[in-house]
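Below is one structure; the comments refer to it alone.
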Amino acid sequence: MSVSLFPVGDSGVLAVFRQEISEEVSAQVFALDAAVRAAGLPGLGETVPAFASLLIRYDPLQTDYDRVAQAVSSLAEGLAPASADAGRLVTIPVCYGGAFGPDLALVARHAGLAPQEVVRRHTAPEYRIYMVGFLPGFPYLGGLDPALFIPRLQNPRTSIPAGSVGIGGEQTGVYPVASPGGWQLIGRTPLRLFAPDRPPLYAAGDRIRFVSITPEQFARLAAKEGTA
Numbered sequence: 001m002s003v004s005l006f007p008v009g010d011s012g013v014l015a016v017f018r019q020e021i022s023e024e025v026s027a028q029v030f031a032l033d034a035a036v037r038a039a040g041l042p043g044l045g046e047t048v049p050a051f052a053s054l055l056i057r058y059d060p061l062q063t064d065y066d067r068v069a070q071a072v073s074s075l076a077e078g079l080a081p082a083s084a085d086a087g088r089l090v091t092i093p094v095c096y097g098g099a100f101g102p103d104l105a106l107v108a109r110h111a112g113l114a115p116q117e118v119v120r121r122h123t124a125p126e127y128r129i130y131m132v133g134f135l136p137g138f139p140y141l142g143g144l145d146p147a148l149f150i151p152r153l154q155n156p157r158t159s160i161p162a163g164s165v166g167i168g169g170e171q172t173g174v175y176p177v178a179s180p181g182g183w184q185l186i187g188r189t190p191l192r193l194f195a196p197d198r199p200p201l202y203a204a205g206d207r208i209r210f211v212s213i214t215p216e217q218f219a220r221l222a223a224k225e226g227t228a
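Be aware that the sequence shown starts at 1, since it is given in the UniProt record's numbering, and climbs by one per residue.
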């Protein structure tokens, strides 16, 4: 496994992989992440996986950059990428189109597909969470059908409802809280995806599958979740 290591301040090591967004590179990131966390390195803190890098935090009062970097380098040698079924599988119900997904028709026209076919293709894969960022709990997902690739909006919206499911370029994701954003919105989930007072539903390295639901099912789930 080819990886370059760099210091980050006085308490971090950044492991950098080939600079691309891909299943192959992501699998390498998560394999090293799992190996580092399992190694029980003295003074190790949190690890933060991203598209093509892994940040490893440590306590500088217990260890130092050279020790951590040497250990990480040794772990990376001969390490096999993470398996395709690694991580939890989280199912997210989504109501597509209409007021829930105002850009579904636009995505369908761009792809030359019927809206129902866009929904079918969007719900078919198991998406790997490459990283979580931008907002608390925002999952950047890999594995989108290339037919559904579409540029972001030229003029981002100033407010997007929490739970909105969108496509931006070659990726799809979910807005866990209300925020501005420029992705094309195709649906919305009634689930509360982020709450500071409870464990997160998913983490980087987990997998997500979207399931299409009706507006009536959305209303019932939203009432239960308190997101109506």
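Backbone N, C-alpha and C define an ideal beta-carbon position, used for all residues, glycine too. Predicted, not measured: the structure shown is a model, and the values here were computed from it.
Residue j beta carbon less than 7 Å from that of residue i
{"i": "A219", "j": "M131", "result": "no"}
{"i": "T91", "j": "S212", "result": "no"}
{"i": "T189", "j": "L141", "result": "no"}
{"i": "V8", "j": "F17", "result": "no"}
{"i": "G40", "j": "Y58", "result": "no"}
{"i": "L201", "j": "E225", "result": "no"}
{"i": "V118", "j": "Q184", "result": "no"}
{"i": "A35", "j": "L61", "result": "no"}
{"i": "I56", "j": "T47", "result": "yes"}
{"i": "A206", "j": "R37", "result": "Here residue 206 turns out to be Asp, not Ala, going by the sequence shown. In this structure, R37 does not lie closer than 7 Å to D206 by Cβ."}
{"i": "P139", "j": "F194", "result": "no"}
{"i": "A99", "j": "L54", "result": "no"}
{"i": "A69", "j": "L5", "result": "yes"}
Residue range of the unbroken alpha helix (DSSP H) whose run includes residue i
{"i": "Y202", "result": "Element bounds for Y202: n/a, residue is neither H nor E."}
{"i": "Y65", "result": "65 to 76"}
{"i": "A178", "result": "That residue, A178, is in no alpha helix (DSSP H); it is neither H nor E in DSSP."}
{"i": "E117", "result": "115 to 123"}
Presumed contact (8 Å Cβ cut-off) between residue i and residue j, rounded CB distance
{"i": "V72", "j": "V13", "result": "6 Å"}
{"i": "S159", "j": "P180", "result": "7 Å"}
{"i": "I186", "j": "Y96", "result": "6 Å"}
{"i": "A52", "j": "V25", "result": "5 Å"}
{"i": "D145", "j": "R109", "result": "Rounded, the Cβ-Cβ distance is 16 Å, inconsistent with contact."}
{"i": "P156", "j": "G133", "result": "The pair is not a contact, with the Cβ atoms about 17 Å apart (cut-off 8 Å)."}
{"i": "A162", "j": "T227", "result": "7 Å"}
Boundaries (first-last residue) of the beta strand (DSSP E) holding residue i
{"i": "F210", "result": "207 to 212"}
{"i": "L44", "result": "44 to 49"}
{"i": "residue 235", "result": "This structure gives no information on residue 235, because the portion of the chain shown stretches from 1 to 228."}
{"i": "V13", "result": "12 to 16"}
{"i": "L106", "result": "No beta strand (DSSP E) contains L106, which is instead part of the alpha helix (DSSP H) from 104 to 111."}
Where residue i sits in the DSSP three-state scheme
{"i": "residue 263", "result": "Since the displayed the chain opens at 1 and closes at 228, residue 263 lies outside it and no answer follows."}
{"i": "P81", "result": "coil"}
{"i": "F6", "result": "strand"}
{"i": "P93", "result": "strand"}
{"i": "T227", "result": "coil"}
{"i": "P215", "result": "helix"}
{"i": "R57", "result": "strand"}
{"i": "T172", "result": "strand"}
{"i": "L193", "result": "coil"}
{"i": "L135", "result": "coil"}
{"i": "R88", "result": "coil"}
{"i": "R220", "result": "helix"}
{"i": "R188", "result": "strand"}
{"i": "L148", "result": "helix"}
Any C-beta of chain C under 7 Å from that of residue i
{"i": "A204", "result": "Reference to chain C is not applicable here, since this structure consists of a single protein chain."}
Count the C-beta pairs between the segment 149 to 163 and the segment 112 to 129 that are closer than 8 Å, then say yes if the count reaches three, no if not. no
Assess, as a yes-or-no matter, whether the segment 78 to 86 is touched by the segment 25 to 43 under the definition of 3 or more beta carbon pairs within less than 8 Å. yes
Three CB pairs or more closer than 8 Å across the segment 106 to 115 and the segment 170 to 178: no
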